[in-house]
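Undergrad:
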Amino acid sequence: MSTNNSKEGSLWQGAAESSYLYCYQQLFRFPVPRVVATMDQSIIRITKELADLQRSSDLAIAVACRDVDVRNVKALIVGPHETPYEFGFFEFTIKFPKTYPSSAPNVQCITTNGGRCRFNPNIYANGKVCLSILGTWRGERGEEWSSAQGMESILLSIQSLMSSNPYENEPGYENANEPEDKGKQEAYVQKIRHESLRISVIARLEGYLGLRPDGTRIPPIQPKSDQEGEDEAIIPFEPFQDLCKRRFLWYFESYMAAIRLGQSKTKDGTRFMLMPFEATGSNGMDGKFNYEDLERRLRNIKTALSDELVSWAQGGLAAQLNDSTVAVNLRHQFEQMVAYFRRGDVPHSVTLENDNAFVWILTYFGRPMTNLDGGIIRIKLHFSPRFPTEQPRVAFQSKIFHHQIAPDGTYCYNPPANASGDVRSHIETILGVLEDDQPAYDPRKIVHPEATKLYWSKIPDEKKQYNRRLRRSIQDSMEDFPE
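The working numbering numbers the first residue of the sequence shown as 67 and each following residue consecutively.
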């Protein structure tokens, strides 16, 4: 019996990603009963919202959940540009009730330094997020939760709290403009900038990389043999590790600029000012400035990420010897890419470094009649033995002055959303971004602050300076290219 004309059948068509409903229909071979379908409307809604956000081009928001539990979602918000939260990594849990979307989810911030840091008047140290749409703060009529709201609107609302002057988010302080208030606003911004770097960026990346604050390595914990079949639910779920590592490399220059700015406005060893709405030791932001230490720790993380690429290459060689699935797949994709370039009308080429399928060297020839004309550019792609779970890291070996190439060569491109395991799609995206002469401005793609400032300047002489420096670097790439 066909179900496509039934109400339950049409509901199922919009719920293809709901494994529960799929299993029900496949096992019993008849339409999903109305009571079951109604009961799982919230799962269908959550699944769709997750898929929409994961396909979104918004670089400031990421979401993930375990396959077995879509009601418990983790979300990451990247702090907005030109705020004290700039390019910080702020993580939240979103727990959806069975009555969603009729009822609001429970949202908790988990970037709190173990419940000791209140990052905003509306984001408490205990993780509570105060928003009228969540029912956690009083609001005007029309500001309360409705089923028209969803994950995206919640995350955008939280992101809007991360403003350039978060002091005014505290009720009663919206119009505090006396000289004393101005001083407190500035002091609040300064300590948020420091703690955003220390907690949301540095401590997070140190945790991912197994680094202590002094730079020494934490010995990895070897799993016990009886834990091999351990329940997935009790294994730590860290879905944003790879994303944060790649973004750290994007934003390294901005983090260093934030440190220089902080050092110009504060003195190391000075204690943070307590705000009128904070409580010492329970719901505030206590501590003292130590930018010298933060800079040292940032550099340690940068070094550890470079070391990780060495371990990827070594792990890749071992994987090749064992004919691992990833190694065979990458070798096959490499051969396809070589054939693709040979068939095409472009002179680009790709080779393997030391015959390692996990380290590709892409040679790009600049497109005629552009600022890249005549350039011979070497681009290195490092692949993890866990590809595509961990995405490639791309760096220019040729030193190019470009607004989407960091001074150390790190390349700013976003992996293709629906083809993260297809290397050709990655390479086409890499070259497409490089050749795009009319990109849309996106402050979340600032990887070379100096080049970005010149490229987007409204002053004609500065734009000309950008083009001159780009052309000069392209000429240098020809001279420096190895024989």
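Every residue, glycine too, gets a C-beta built ideally from N, C-alpha and C.
Taking Cβ to Cβ, would you say His-448 is nearer than 8 Å to Pro-458?
TA: Yes; because the gap between Cβ atoms is below 8 Å, this pair is in contact.
Undergrad: Considering only the beta carbon of each residue, do Val-425 and Gly-475 sit closer than 8 Å?
TA: For Val-425 and Gly-475, no; Cβs fall outside 8 Å.
Undergrad: How far does the alpha helix (DSSP H) with Lys-114 in it reach, from first residue to last?
TA: That run of the alpha helix (DSSP H) goes 107 to 121.
Undergrad: Check whether the Cβ atoms of Ile-220 and Ile-199 sit closer than 8 Å, and answer yes or no.
TA: Yes, they are a contact pair.
Undergrad: Considering only their Cβ atoms, is the gap separating Phe-153 from Ser-320 smaller than 8 Å?
TA: Yes; because the gap between Cβ atoms is below 8 Å, this pair is in contact.
Undergrad: Flag this pair as yes or no: are the beta carbons of Pro-286 and Trp-378 separated by less than 8 Å?
TA: No, they are not a contact pair.
Undergrad: Between which two residues does the alpha helix (DSSP H) harbouring Glu-157 extend?
TA: No alpha helix (DSSP H) holds Glu-157; the beta strand (DSSP E) holding it covers 155 to 161.
Undergrad: Could you name the residues of the same chain whose beta carbon sits closer than 6 Å to that of Arg-408, not counting the 5 residues immediately before and after it, in chain order?
TA: Cβ neighbours of Arg-408 beyond the five flanking positions: none.
Undergrad: Under three-state DSSP, which class holds Met-217?
TA: In this structure, Met-217 counts as helix in the three-state DSSP scheme.
Undergrad: Which one of Lys-140, Cys-183, Ile-109 and Val-139 has the shortest CA to CA distance from Tyr-166?
TA: Closest by alpha carbon: Ile-109.
Undergrad: Can you give me the Cβ contacts of Tyr-507 inside the same chain, cut-off strictly under 7 Å, excluding the 5 residues immediately before and after it?
TA: Only Trp-522 meet the Cβ criterion.
Undergrad: Beta carbon of Leu-263, beta carbon of Leu-142: below 8 Å?
TA: For Leu-263 and Leu-142, no; Cβs fall outside 8 Å.
Undergrad: Name, in chain order, the residues that DSSP records as bridge partners for Ser-415.
TA: Bridge partners of Ser-415: Thr-429.
Undergrad: With a threshold of 7 Å on Cβ separation, who are the neighbours of Leu-119 within its own chain once the five nearest residues in sequence on each side are excluded?
TA: Within the same chain, Leu-119 has close Cβ partners Ile-127, Val-129, Met-217 and Glu-218.
Undergrad: For Pro-334 and Tyr-357, which I take to be in contact (beta-carbon distance under 8 Å), what is that distance rounded to the nearest angstrom?
TA: Looking at the sequence itself, residue 334 is Asp, so the reference to Pro does not match. Indeed, because the Cβ distance is near 6 Å, the residues count as touching under 8 Å.
Undergrad: Entirely within the segment 180 to 253 and at least 3 residues each: give me those beta strand (DSSP E) ranges in chain order.
TA: Complete beta strand (DSSP E) runs here, min 3: none at all.
Undergrad: Could you check the C-alpha separation between Pro-187 and Tyr-233 for me, to the nearest Å?
TA: C-alpha separation (whole angstroms): 7 Å.
Undergrad: Could you pull out every residue in the same chain whose Cβ sits closer than 8 Å to the Cβ of Asp-439, ignoring the five residues on either side in sequence?
TA: Taken in chain order, the residues that qualify are Gly-432, Arg-433 and Ile-540.
Undergrad: Mark Arg-313 as exposed unless 16 or more other C-beta atoms lie within 10 angstroms of its C-beta, in which case mark it buried.
TA: By the neighbour-count rule (16 or more Cβ atoms within 10 Å), Arg-313 is buried.
Undergrad: Note down, in chain order, each residue of its chain lying with its Cβ closer than 6 Å to the Cβ of Ile-258, except the 5 sequence neighbours on either side.
TA: Cβ neighbours of Ile-258 beyond the five flanking positions: Pro-150.
Undergrad: As a quick exercise: from Gly-273, Ala-483, Glu-209 and Ala-384, pick the residue whose alpha carbon is nearest that of Arg-121.
TA: Among Gly-273, Ala-483, Glu-209 and Ala-384, the Cα nearest to that of Arg-121 is on Ala-483.
Undergrad: So, using beta-carbon positions, are Val-489 and Gln-399 closer together than 8 Å?
TA: In this structure, Gln-399 lies closer than 8 Å to Val-489 by Cβ.
Undergrad: Indicate the three-state DSSP secondary structure (helix, strand or coil) for Leu-447 in the structure shown.
TA: Reduced to three states, the DSSP call for Leu-447 is strand.
Undergrad: Pair every Cβ in the segment 386 to 401 with every Cβ in the segment 299 to 309, then say whether three or more of these pairs are closer than 8 Å.
TA: The segment 386 to 401, when compared against the segment 299 to 309, does not touch it at the 8 Å Cβ threshold.
Undergrad: Which residues bound the beta strand (DSSP E) around Val-129?
TA: Looking at the DSSP string, the run of the beta strand (DSSP E) that includes Val-129 is 127 to 131.
Undergrad: From the beta carbon of Thr-202, is the nearest beta carbon of chain B less than 8 Å away?
TA: Given the protein chain composition of this structure (a single chain), no chain B is represented.
Undergrad: Taking Cβ to Cβ, would you say Gly-181 is nearer than 8 Å to Asn-172?
TA: No; because the gap between Cβ atoms is not below 8 Å, this pair is not in contact.
Undergrad: Considering only their Cβ atoms, is the gap separating Phe-462 from Ile-443 smaller than 8 Å?
TA: Taking 8 Å as the Cβ cut-off, Ile-443 and Phe-462 qualify as a contacting pair.
Undergrad: Tell me the start and end of each unbroken alpha helix (DSSP H) in the segment 305 to 387 that is at least 4 residues and wholly inside, in chain order.
TA: The qualifying runs are 307 to 331 and 357 to 387.
Undergrad: How about Glu-148 and Ser-230: are their beta carbons less than 8 Å apart?
TA: A contact, by the Cβ cut-off of 8 Å.
Undergrad: Mapping DSSP to helix, strand and coil, what is Tyr-477?
TA: Looking at Tyr-477 - three-state DSSP - the assignment turns out to be strand.
Undergrad: Taking the C-alpha atoms as reference points, what is the distance between Arg-111 and Ala-370?
TA: Approximately 40 Å between the Cα atoms of the pair.
Undergrad: Pop quiz: His-469 and Thr-436 are said to be a contact at Cβ under 8 Å. What is the actual Cβ separation, rounded to whole angstroms?
TA: Not really, about 15 Å apart at Cβ, beyond 8 Å.
Undergrad: Taking 6 Å as the limit between beta carbons, can you name the residues of its chain near Leu-125, skipping five residues before and five after?
TA: Taken in chain order, the residues that qualify are Arg-510.
Undergrad: Drop a sphere of 10 angstroms on the beta-carbon of Ile-268, count the other beta-carbons inside from all chains shown, and report buried for 16 or more, exposed for fewer.
TA: Counting Cβ neighbours within 10 Å, Ile-268 comes out buried, since at least 16 surround it.
Undergrad: Using three-state DSSP, classify His-398 as helix, strand or coil.
TA: Reduced to three states, the DSSP call for His-398 is helix.
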